[in-house]
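Down below is the structure, laid out as structure tokens.
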Amino acid sequence: MENEKDFLFSIFLFVKFDAHMKLPLFYTPAVMPGDAAVTLDEPTSKHIVQVLRMQSGRQLQLTDGKGNLYNVEITDGNMKKSVVKILSSTFLHAPAKKITIAISPVKNNSRFEWFLEKATEIGVAEIVPLTCERTEKQQLKPERLQSILISAMLQSQQVWLPELKPAVKFVHYLRAVGEQEDTQKFIAHCEEEGNKKMLSTVKQTGTSKIIMIGPEGDFTGDEISLALASGFIPVALGNNRLRTETAGIVAATILADF
29 MENEKDFLFS IFLFVKFDAH MKLPLFYTPA VMPGDAAVTL DEPTSKHIVQ
79 VLRMQSGRQL QLTDGKGNLY NVEITDGNMK KSVVKILSST FLHAPAKKIT
129 IAISPVKNNS RFEWFLEKAT EIGVAEIVPL TCERTEKQQL KPERLQSILI
179 SAMLQSQQVW LPELKPAVKF VHYLRAVGEQ EDTQKFIAHC EEEGNKKMLS
229 TVKQTGTSKI IMIGPEGDFT GDEISLALAS GFIPVALGNN RLRTETAGIV
279 AATILADF
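Throughout the sequence shown, residue numbering follows the numbering used here, covering 29 to 286 in sequence.
In structure tokens, the structure reads:
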């Protein structure tokens, strides 16, 4: 695994383009309404000037992760704080489906980070670290996790950054979402339960989806009962028993209709 400094810098080490985005794409939350120019941070500036060797007059693209795509031109190719002027901006609507994955973090941080990366590429809108009775103690590093989300958003040429929520206890999350009648809610578990169906066969309704994925030891019987009482639909993700992070990706893929 890369060290922290190298990993954060690797956010910007890509030049993958498609037919709609032929210019290098970078992330900055610094663009404000009405801005004519933007000063970029040092890691972004260093990559633009030192790695891509782009100087004044060259164009690139920026996104704020909130649907805005900016075409900009470099006016000051400074390695520490490049300045770009905004040529045009476009707002791209979020995906029609809002998919939320509430998932128990696993003890192996790299596996949870892999899940975040792939969920972002699929187009998940919201990720909630869910603390369950059988969740193993772990150390989440919000800044590092946010960097992974940004990197995956840029690599997959998207302009909507998933929202990573603070970790929340299972029962508190149920209280928070239990009354959301406009949201279709699922809980994926491994217990034998008479009403449980394959997620792929359940008729999807509405545009907002939540699915809860449990820890390696699965949800407890009490947790499952509480979820069902809160309006969650019990589902299976397949015939095989999946690791937590794999289950999260399978669920996201099914809900996204890929």
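Just so you know, even glycine gets a beta-carbon here, dropped at the ideal spot from N, CA and C.
Please confirm if the stretch 59–69 is in contact with the stretch 95–112, defined as three or more CB-CB distances below 8 Å between the two stretches.
yes
Uninterrupted beta strand (DSSP E) stretches inside the stretch 168–233 (no shorter than 3 residues):
211–216
Coil, strand or helix - asparagine 96 by DSSP
strand
Limits of the beta strand (DSSP E) - the one that lysine 126 falls within
126–131
Tell me, which residues are paired with glutamate 101 by DSSP?
Gln87, Lys113
Are glutamine 212 and lysine 231 touching if we call contact CB-CB under 7 Å?
no
Can you round the beta-carbon distance between glycine 151 and alanine 257 to whole angstroms, since I take them to be within the 8 Å contact cut?
Glycine 151 to alanine 257, Cβ: 30 Å. No contact.
Whose C-alpha, out of Val278, Ala280, Thr274, is nearest the C-alpha of serine 138?
Thr274
Considering only the beta carbon of each residue, do phenylalanine 198 and valine 263 sit closer than 7 Å?
no
Helix, strand or coil: how does DSSP classify lysine 108 here?
coil
For glutamate 154, the three-state DSSP class (helix, strand or coil)
strand
Per DSSP, isoleucine 287 forms a beta bridge with which residues?
Residue 287 falls outside the range modelled here, since the chain spans only 29 to 286, and no answer is possible.
For my contact list, isoleucine 178 and leucine 189 are in at a C-beta cut-off of 8 Å; report their separation, rounded to the angstrom.
7 Å
Please state whether DSSP places phenylalanine 247 in a helix, a strand or coil.
coil
Taking the beta strand (DSSP E) that leucine 265 falls in, what are its first and last residues?
Unbroken run through leucine 265: none, as it is neither H nor E.
Is it the case that the Cβ atoms of threonine 118 and valine 111 are separated by a distance below 7 Å?
no
Straight-line Cα distance separating glutamine 83 from proline 74:
Position check: residue 74 holds lysine in this sequence, whereas proline was assumed. Near 11 Å, if we compare the C-alpha coordinates of glutamine 83 and lysine 74.
Which one or two residues does DSSP pair with alanine 65 in a beta bridge?
Lys113
Could you give the first and the last residue of the continuous beta strand (DSSP E) run that contains leucine 53?
53–55
How about lysine 108 and glutamate 70: are their beta carbons less than 7 Å apart?
yes
Pick out whichever of Gly276, Leu90, Glu164, Pro61 has its Cα sitting closest to the Cα of leucine 51.
Leu90
Rounded distance between the beta-carbons of methionine 181 and threonine 128, thought under 8 Å
Incorrect: roughly 17 Å between the Cβ atoms, too far for contact.
Can you tell me whether leucine 265 is buried or exposed, with buried defined as 16 or more other CB within 10 angstroms of its CB?
buried
Under the assumption that leucine 202 contacts isoleucine 282 (Cβ atoms under 8 Å), give the Cβ distance between them as a whole number of angstroms.
Actually they do not touch by this definition, with Cβ atoms about 22 Å apart.
Just reading off the alpha helix (DSSP H) that glutamate 288 is part of, what are its end residues?
There is simply no residue 288 to check, as the chain begins at 29 and stops at 286 in what is shown.
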